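Numbered per this note's numbering, the sequence shown spans residues 19 to 195. In this text, a Cβ means the ideal position worked out from N, Cα and C, and glycines have one as well. Remember, it's a predicted structure, so these values are computed and weren't measured experimentally. What follows is one structure encoded as structure tokens, with my remarks underneath.
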Amino acid sequence: LVRFVQEILEMARVDAGAVHSERQWVAPREIVDAAATHVRTLLTGHPLDVETDEDSEAEVDPRLVSAALAHLLENAAQYSPAGSPIHVRGLARGDGLTLVVTDHGLGLDPRELPHLFERFFRGRSGKATSGSGMGLSITQGLLAVAGGRAWAENAPGAGARFSMVVPARLRAVVTAE
């Protein structure tokens, strides 16, 4: 119930334009760690396999991007068998920050792909799990504020793959020697 109320409030803030982007320099790993911490109880029983750029940072709003990623992680945990790993990649390359979450669930019904990010949409496989159908819509709304977007596809040899990209300036991490 608490999670449901949080999602309603988050959706209302996005709808009202009350969410603003405040960019700062962060490493992809920091975004992944913050998102995983936010949904750690939901990830119980799912080993997290994380691969991130260690030599680059992106100028993004870490609060918005990690909250969007947390919804993707929650979704992966909800639709994957207990004990199955969730893979997360974070890349600060090209013209922005890209984050990819791959699970080992049943995958996505191709007929439902165009509707996954619609508010309250729950696919056929989602009917057997709890949830509000707002998480992916919230993800899309948060990313829109940050200038980004998200999409979904089936991952060869795995389940579903959800990707998000946020346009950002990038810089190399300077290490003291």
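Under 7 Å between C-beta atoms of residue i and residue j
| i | j | result |
| --- | --- | --- |
| Leu126 | Ala178 | yes |
| Val192 | Gly166 | no |
| Asp71 | Leu117 | no |
| Gly112 | Ala186 | no |
| Ser39 | Ala168 | no |
| Ala86 | Leu160 | yes |
Alpha carbon of residue i to alpha carbon of residue j, nearest angstrom
| i | j | result |
| --- | --- | --- |
| Thr226 | Ala52 | Any question about residue 226 goes unanswered here, given that the chain covers just 19 to 195. |
| Phe22 | Ala190 | The predicted position of Phe22 is uncertain, since its pLDDT is 46 and thus under 50; no value can be drawn from it. |
| Leu124 | Ala88 | 20 Å |
| Met152 | Asp73 | 34 Å |
| Ile104 | Glu136 | 23 Å |
| Leu66 | Val57 | 12 Å |
Residues that DSSP places opposite residue i in a beta bridge
| i | result |
| --- | --- |
| Ser74 | Ala190 |
| Ile49 | Paired residue(s): none; Ile49 is not in a bridge. |
| Pro174 | Pro174 pairs with nothing; no bridge assigned. |
Counted within 10 angstroms of its Cβ, other Cβ atoms place residue i as buried (16 or more) or exposed
| i | result |
| --- | --- |
| Gln158 | buried |
| Glu92 | buried |
| Arg79 | It is worth fixing the name first, because residue 79 is Asp in this sequence and not Arg. Buried, since its Cβ has 16 or more Cβ neighbours within 10 Å. |
| Lys145 | At Lys145 the pLDDT is 44, less than 50, meaning the model places this residue with poor confidence; the figure from the coordinates comes in the next sentence. Result: exposed. |
**Q.** Any alpha helix (DSSP H) of 4 or more consecutive residues that is wholly inside the stretch 54-102
**A.** 80-96
Q.
I'd like the ranges of any beta strand (DSSP E) spanning at least 3 consecutive residues and lying wholly in the stretch 110-146.
A. 114-120
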